[in-house]
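Engineer: The following block contains the structure, expressed as structure tokens.
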Amino acid sequence: MSNIRMVLFVAVAFLLSACAEMDKVKEKVGGLLQPSLAEQKLSSGVKSYEEGDYKSSMEALRDAEKMGLSRKEDKITAHKYKAFIYCITDRKNQCRHEFEDVFEQDPNFDLQPAEAGHPAWGPVFRSVKAGSAK
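Per my numbering, the very first residue in the sequence shown carries number 142; after that it's consecutive.
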């Protein structure tokens, strides 16, 4: 009887942990990989940024991070767009901090050429990049 209880306990524990992780990974639904909720929030944040809605963008980017972005590229994207928003809204210290977080994820990170020359965040990015190379 105690062996059956142990097996049931382990099975229930396994199922509960699998359910808790479900939103953090891509699910296969109808033969297609579906983005996790965190990835959906990240996409929403980028879209809001592109539409000029920086408040909604920042909220979505923060939510995506809290939900647990699993891919390094997604974490970098969230920090990059948060840096852009902070620089655009003249919060240079927060902008710098976000770029530092980007370089913690990828010391070789670089902006796209069109992004690198932006007058608001370009100088901050170059400064952080130079400091991280030391």
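Cβ coordinates follow ideal geometry from the N, Cα and C atoms, glycine included.
#1: For D231, does the count of other Cβ atoms within 10 angstroms reach 16, so buried, or fall short, so exposed?
#2: Tell me whether the stretch 217-233 and the stretch 258-269 touch, counting them as touching only if at least three CB pairs, one residue from each stretch, are closer than 8 Å.
#3: Residue range of the alpha helix (DSSP H) that A271 falls in?
#4: Output the distance between the C-alpha atoms of R237 and F244, rounded to the nearest integer angstrom.
#5: In chain order, which beta strand (DSSP E) runs of at least 3 residues are fully inside the stretch 191-274?
Structural biologist: Well, looking at it:
#1: exposed
#2: yes
#3: G263 to S273
#4: 11 Å
#5: none
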